[in-house]
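As you go down the protein sequences, you meet chains A and B in turn. For the first sequence, position 184 matches number 190 in my numbering, and the numbering has no gaps at all. For the second sequence, position 286 matches number 532 in my numbering, and the numbering has no gaps at all.
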Amino acid sequence: MLKVENLEVNYGHVRAIKGISFEVHAGEIVTLIGANGAGKSTILRAIMGILRAAAGRIELADAGPIHHLAAHKVARMGIAMVAEGREILSKMTVEENMRMGAFTRNDSNVNADMDRLFRRFPVLGERRHQLGGTLSGGEQQMLAIARALMSRPKLLLMDEPSLGLAPKIISEVFQIILEINQDGTTILLVEQNARKALQVAQRGYVLETGMISLADTCANLMKSEKVVQAYLGG
Amino acid sequence: MKESIVFWQQLINGLALGSSYSLVAMGYTLVFGVLYVLNMAHGDVLMITAYVGWFLVSYFKVGFFTALIGAMLSGFILGMILERVAIRPLFRSPKYTHISPLISTIGVAIFLQNLAMLLFTPDQQRYPTTVKAVFYQVGPLIISSVQILMLVIAAVLMIALKLSISYTSLGRAIRATAERPVTASYLGVNVSRVLTFTVAISSALGAAAGVLLGVAFGGISPLIGFNYGMKGLIVLIIGGLGSIEGAMIGGIMLGVLEIFTVGYLSSAYRDAIAFAVLFLVLMIRPNGLFGESPKT
Numbered sequence: 007m008l009k010v011e012n013l014e015v016n017y018g019h020v021r022a023i024k025g026i027s028f029e030v031h032a033g034e035i036v037t038l039i040g041a042n043g044a045g046k047s048t049i050l051r052a053i054m055g056i057l058r059a060a061a062g063r064i065e066l067a068d069a070g071p072i073h074h075l076a077a078h079k080v081a082r083m084g085i086a087m088v089a090e091g092r093e094i095l096s097k098m099t100v101e102e103n104m105r106m107g108a109f110t111r112n113d114s115n116v117n118a119d120m121d122r123l124f125r126r127f128p129v130l131g132e133r134r135h136q137l138g139g140t141l142s143g144g145e146q147q148m149l150a151i152a153r154a155l156m157s158r159p160k161l162l163l164m165d166e167p168s169l170g171l172a173p174k175i176i177s178e179v180f181q182i183i184l185e186i187n188q189d190g191t192t193i194l195l196v197e198q199n200a201r202k203a204l205q206v207a208q209r210g211y212v213l214e215t216g217m218i219s220l221a222d223t224c225a226n227l228m229k230s231e232k233v234v235q236a237y238l239g240g
Numbered sequence: 247m248k249e250s251i252v253f254w255q256q257l258i259n260g261l262a263l264g265s266s267y268s269l270v271a272m273g274y275t276l277v278f279g280v281l282y283v284l285n286m287a288h289g290d291v292l293m294i295t296a297y298v299g300w301f302l303v304s305y306f307k308v309g310f311f312t313a314l315i316g317a318m319l320s321g322f323i324l325g326m327i328l329e330r331v332a333i334r335p336l337f338r339s340p341k342y343t344h345i346s347p348l349i350s351t352i353g354v355a356i357f358l359q360n361l362a363m364l365l366f367t368p369d370q371q372r373y374p375t376t377v378k379a380v381f382y383q384v385g386p387l388i389i390s391s392v393q394i395l396m397l398v399i400a401a402v403l404m405i406a407l408k409l410s411i412s413y414t415s416l417g418r419a420i421r422a423t424a425e426r427p428v429t430a431s432y433l434g435v436n437v438s439r440v441l442t443f444t445v446a447i448s449s450a451l452g453a454a455a456g457v458l459l460g461v462a463f464g465g466i467s468p469l470i471g472f473n474y475g476m477k478g479l480i481v482l483i484i485g486g487l488g489s490i491e492g493a494m495i496g497g498i499m500l501g502v503l504e505i506f507t508v509g510y511l512s513s514a515y516r517d518a519i520a521f522a523v524l525f526l527v528l529m530i531r532p533n534g535l536f537g538e539s540p541k542t
């Protein structure tokens, strides 16, 4: 589905991503884990077209190279993003946020999809006409996910969905991630919460200071001594 | 004439004038709300497009509505050029501050004003009133066809804009861009096109105001850009930067106050009252009547 080859991304003069390659196959959940500042979010933003790649290729199945495309064009290719910190449009209502999620669509099923998502996330349905800024952190995370799903994406990029959320809400969010994947959406998940990420994904890559240090199935990563020590609390 | 009749008559005059001020302020508030830029060229774009209307009537003998649409179209195009040439290139600079487009648009204003002075001489010229001046009697009050036109056209444009912003897909795209342009972009919005379109629409509204004010006062000169631009800016600040309701209500307020000042005080204070109100608002409610709380 997605192939990243020798990707390099700079922040000004700092080489944040130093040449990484990985793949995401259709139907998978793949996770990128690593410490703060390792460059995980940078990778997602480069894929989405928010940041420009300094070098390397990003290829999307059936669409070819996308690394030079602007974000709005990448969105139209079927990639949706759930950004770090949610990035809810706080001055717009929950419903308007959802409609913005479907901005790239012009078919007639948008309302049906929205109703379905409101049934899936009843809390959002209750707050349908409330401003996004009035929602709690967990509710905003759900809204960000629902908004991204409104575009019926081929690939969902999720950037640190557990950030700033209470443990009980985090479990809910990861349950949702699992269900979305079971419904057929491919997910590339970036997380600091390595334990949760490795539990929900099939394959994982460990990122350290801009480079991939480990790549394996999550089952194996969970048993790897290095991962256990560095990211799973020893 | 009975005092109360004078009052209501002046109110009508003030509402008509104020509706045009609202249109001008609407243009400012749109651009400020979405681009966070104070478009100092707005007044002179109004002036140039009013001249386009004048030109269309004088040389091509078109009717009022054709001239209005022609002027608004020229405003739309001029706004597009303004954004691409004088505003957007600045966003790429790593040393960008909000002062940059302020200065840049002042430069455009100076350019447009001098261009007009070269083309049309600095003198005031008669603005062709292609509207038949019919006076309607409503009880003891008199309202002219020109005033009705001003009120109706301004109302239609402003209501259309407000409804579009609130209920259409493009309107949502504009609001999303204003709040979080990066988010808007990964939701599929072509942000640079939205920015260009916003300035274009703002200039088209200014053009409409320019034509209406020209027809109302029967005159046009290269200096009206400065005058109406300044008043529009004052309405923007009174109403609250970025507030559409503020622009609408502030404009009406200023128009009414201006007419009342001329009627009850003296015409010498006509322009001064705007500054007096500005001073008052800045003292009591600096973010404007409908302004947002200060951003941190």
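Glycine is no exception: its CB is placed at the ideal position from the N, C-alpha and C atoms.
Check                                                                                                                                                                                                   : Outcome
According to the neighbour-count rule (16 or more other Cβ atoms, all chains shown, within 10 Å of its Cβ), is glutamine 205 of chain A buried or exposed?                                              : exposed
Check this for me: beta carbons of glycine 138 of chain A and valine 100 of chain A, under 8 Å apart or not?                                                                                            : yes
Examine chain A for any beta-carbon lying closer than 8 Å to the beta-carbon of glutamate 491 of chain B, and answer yes or no.                                                                         : no
Does DSSP put glycine 309 of chain B in a helix, a strand or coil?                                                                                                                                      : coil
Along the chain, which unbroken stretches of the beta strand (DSSP E) at least 3 residues long are found entirely within the segment 142-229 of chain A?                                                : 161-165, 192-197, 209-214 and 217-223
My output table needs one value for tyrosine 342 of chain B: the three-state DSSP class, helix, strand or coil.                                                                                         : coil
Checking 8 Å against the spacing of the C-beta atoms, do leucine 500 of chain B and alanine 522 of chain B come in under that value?                                                                    : no
So with CB distances below 9 Å, who are the chain B contacts of alanine 172 of chain A?                                                                                                                 : Ordered by position in chain B, no residue passes the 9 Å Cβ test against alanine 172 of chain A, which lies about 24 Å from the chain.
In chain B, what lies closer than 8 Å to glutamate 93 of chain A by C-beta?                                                                                                                             : Arg426, Val428 and Thr429
Within a Cβ cutoff of 6 Å, which residues of the same chain sit near serine 467 of chain B, ignoring the five residues on either side of it in sequence?                                                : Gln370
Of all Cβ atoms in chain C, is any one closer than 8 Å to the Cβ of leucine 433 of chain B?                                                                                                             : The structure shown contains no chain C; its protein chains are A and B.
Is the CB-CB distance between isoleucine 39 of chain A and alanine 225 of chain A below 8 Å?                                                                                                            : no
From the beta carbon of alanine 89 of chain A, is the nearest beta carbon of chain B less than 8 Å away?                                                                                                : yes
For the segment 527-537 of chain B against the segment 472-490 of chain B, are there 3 or more C-beta pairs whose distance is under 8 Å?                                                                : yes
Would you report the Cα separation of aspartate 121 of chain A and isoleucine 505 of chain B, rounded to the nearest angstrom?                                                                          : 53 Å
Keeping to the same chain, check which residues put their C-beta closer than 6 Å to that of alanine 86 of chain A; ignore five residues upstream and five downstream.                                   : Ala154, Ser157, Pro159 and Leu162
Bridge partners for lysine 9 of chain A per DSSP, in chain order?                                                                                                                                       : A:Glu29 and A:Glu65
Output the distance between the C-alpha atoms of histidine 288 of chain B and isoleucine 447 of chain B, rounded to the nearest integer angstrom.                                                       : 11 Å
Quick test of your reading: isoleucine 23 of chain A and glycine 216 of chain A, contact by CB under 8 Å. State the CB separation rounded to the nearest angstrom.                                      : 5 Å
Just checking, does the segment 401-417 of chain B make contact with the segment 289-299 of chain B on the three C-beta pairs under 8 Å criterion?                                                      : no
Given a threshold of 16 other Cβ atoms within 10 Å of its Cβ, counted over all protein chains shown, does phenylalanine 310 of chain B qualify as buried or as exposed?                                 : buried
Enumerate, from N- to C-terminal direction, the unbroken alpha helix (DSSP H) stretches of 4 or more residues contained entirely within the segment 437-462 of chain B.                                 : none
Please determine, among B:Trp300, B:Met318 and B:Ser346, the residue with the shortest C-alpha to C-alpha distance to asparagine 285 of chain B.                                                        : B:Ser346
Does any CB atom of chain B fall closer than 8 Å to the CB of alanine 69 of chain A?                                                                                                                    : no
Answer yes or no: does any C-beta atom of chain A fall closer than 8 Å to that of threonine 542 of chain B?                                                                                             : Reliability fails at threonine 542 of chain B, whose pLDDT of 42 lies under 50, so the model's placement of it is uncertain and the value that follows must be treated cautiously. Judged by the 8 Å Cβ criterion, threonine 542 of chain B is not in contact with chain A.
Comparing alpha-carbon positions, which option in B:Asp517, B:Val380, B:Tyr282 and B:Met494 lies nearest threonine 423 of chain B?                                                                      : B:Tyr282
Is DSSP giving arginine 82 of chain A helix, strand or coil here?                                                                                                                                       : helix
Excluding five sequence neighbours on each side, which residues of the same chain lie with their C-beta closer than 6 Å to the C-beta of phenylalanine 28 of chain A?                                   : Val10 and Tyr211
Identify whether phenylalanine 381 of chain B lies in helix, strand or coil by the three-state DSSP scheme.                                                                                             : strand
Does the segment 329-340 of chain B come into contact with the segment 433-449 of chain B, if we say contact requires no fewer than three beta-carbon pairs (one atom in each stretch) closer than 8 Å? : yes
Check whether the Cβ of alanine 455 of chain B lies closer than 8 Å to any Cβ atom in chain A.                                                                                                          : no
Name the residue from A:Ala150, A:Ile53 and A:Glu93 whose alpha carbon lies nearest to the alpha carbon of glycine 70 of chain A.                                                                       : A:Ile53
Starting from isoleucine 535 of chain B, follow the beta strand (DSSP E) in both directions and report where the run begins and ends.                                                                   : Reading off the sequence shown, one finds leucine at residue 535 of chain B, where the question assumed isoleucine. That residue, leucine 535 of chain B, is in no beta strand (DSSP E); it is neither H nor E in DSSP.
Name the DSSP bridge partner or partners of glutamate 14 of chain A?                                                                                                                                    : A:Lys24 and A:Ala61
Kindly give me the distance between the Cβ atoms of phenylalanine 458 of chain B and methionine 396 of chain B, rounded to whole angstroms, as I take these residues to be in contact under 8 Å.        : Reading off the sequence, residue 458 of chain B comes out as leucine, not phenylalanine. Indeed, because the Cβ distance is near 5 Å, the residues count as touching under 8 Å.
What does glycine 299 of chain B pair with, by DSSP beta-bridge criteria?                                                                                                                               : In DSSP, glycine 299 of chain B forms no bridge with anything.
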